[in-house]
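Just below is one structure, and these are the notes that go with it.
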Amino acid sequence: MASITFHTLLLLLLLVLLLLSSSTLAADAPESSSPSECDTAHSGECYNRPKALRLKVIAIPTILVSSIIGVCLPLFSRSVPALRPDRNLFVLVKAFASGVILATGYMHVLPDSFESLTSPCLPEKPWSQFPFTAFIAMVSAVLTLMMDSLMLTFYNRQKKGGGAVVVDHESPMNAAVPVSHGHGHSGPPQHGKDDKEGAEVALRRNRVIVQVLEMGIVVHSVVIGLSMGASQNPCTIRPLVAALCFHQLFEGMGLGGCILQAEYKMKMRAVLVFFFSTTTPFGVALGIALSNVYKDNSPTALIVVGVLNACSAGLLNYTALVDLLAADFMGPKLQGSVKLQLGAYAAVFLGAGGMSIMSKWA
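Okay, here's the thing in structure tokens:
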């Protein structure tokens, strides 16, 4: 039931993004009073429509393959002993991927929102008189917390109502869950029951994290794909394709690690992999289809894209810091080893640093 609801929610989210793109075009069609510097330039040595189209067509399968590889690598890691969830290498790889997701929010999505909502192509009132990007990102982070909490409550109530959560008892994560013990009844049977309940709570928590993270990724992936698909500038598209491939590869590793810990069945894994892998290529294809009429510097487009990016930034930043990094670093595995903890911090800085450097091109 929960998986069907989540599938429906993702489809509705994509539909809303598509409708927003269409409404952007409809709203901007009659505008003719925009400043001259805000008119889309179709001149210069970097404007080459046929060449740009070829690059965008190449970008679609390239980004798709990179996304699939990134998100699927952790899912097949159980066949590699060194990459199983109970091993130190998996912890380091997940820390690296969490740093990538954190930098995606702070260094890619949030600056794009600031650029859109502070553009001179927007009316001075109210856009220049209030920090809308920061405000929307803040509200988005709080709403993510609320969604996190309510979804976990839903899962817990569903469990109490008799819907058992399927737990893979071979998963090493089950042994790392702190549990509470009853007073005066601490015999082995009770201890085993507490361990099982603690593992199920952790499993439900991991599933909530995956669903929240997937929604944030879907939003910004469609937006960045749409922007690239509508561009007619080969000089910016060429480096952007390479940057997006690395972006999707590492971001997919972060999501894939979360999917692995959520222990979904094959059907749900396939759905999550499908949505992550296809949203950016879908955005590029949508941008190509709308490139004749889409103006990325029109007021409505700037507002829609800026607001969506701010929402996505708040969600990604909250998820990276609270659900991924804080949960792991405050957990028993990292708290039990200073050496592993320092290594994980180095991996976070490496992932965040590499993704920050890519912000020069994407």
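Using mature numbering (1 follows the signal peptide of the UniProt record, and there is no 0), the letters of the sequence shown map in sequence onto residues -26 to -1, 1 to 336.
The beta-carbon is built from N, C-alpha and C at its ideal position, and this holds for glycine as well.
Quick caveat, the model's predicted, so the values are computed rather than measured.
- The C-beta distance from A115 to N291 rounds to 6 Å, short enough to meet the 8 Å contact threshold.
- It is roughly 21 Å from the alpha-carbon of R131 to the alpha-carbon of L117.
- A distance below 7 Å between beta-carbons, with the five flanking residues on each side excluded, links K25 to the following residues of its chain, in chain order: P208.
- The beta-carbon distance between V258 and M202, rounded to whole angstroms, is 6 Å. This is short enough to meet the 8 Å contact definition.
- With a 10 Å radius around the Cβ and a threshold of 16 neighbouring Cβ atoms, V113 comes out exposed.
- In the displayed model, E237 falls within coil according to three-state DSSP, outside both helix and strand.
- Separation of the CB atoms of L119 and V184 is rounded to 16 Å, and the pair is thereby denied contact status at 8 Å.
- Just measuring C-alpha positions, the residue of K68, A204 and W101 sitting nearest V267 is A204.
- Residues of the same chain with a CB within less than 8 Å of the CB of L295, apart from the 5 flanking positions on each side, are L76 in chain order.
- The residues G317, A318 and A321, in chain order, have a CB closer than 7 Å to that of L66 in the same chain once the five nearest residues on each side in sequence are set aside.
- DSSP places T92 outside both helix and strand once states are collapsed to three, so it counts as coil.
- Taking 9 Å as the cut-off, the Cβ atoms of V186 and T253 do not count as close.
- When C219, G228, S265 and L126 are compared, the shortest CA-CA separation from A33 is found for C219.
- The three-state secondary structure of Q206, taken from DSSP, is coil.
- The distance from the Cβ of G230 to that of V45 is about 4 Å, consistent with a contact at the 8 Å cut-off.
- Taking 9 Å as the cut-off, the Cβ atoms of D86 and I211 do not count as close.
- A Cβ-Cβ separation of about 17 Å leaves G73 out of contact with L289 under the 8 Å criterion.
- It is roughly 40 Å from the alpha-carbon of A176 to the alpha-carbon of L276.
- Here DSSP, grouped into helix, strand and coil, assigns M112 to helix.
- Counting other Cβ atoms within 10 Å of its Cβ, M81 reaches 16 or more and is therefore classed as buried.
- Collapsing the DSSP output to three states places V267 in coil.
- Looking only at P255, T107, K170 and R23, the smallest Cα-Cα distance to L38 is reached by P255.
- In this structure, A236 sits near N180, with a CB-CB distance shorter than 9 Å.
- For M332, the closest alpha carbon among the candidates L63, E225 and S272 is that of E225.
- Counting every other CB atom within 10 Å of its CB across the protein chains shown gives V31 a total below 16, marking it as exposed.
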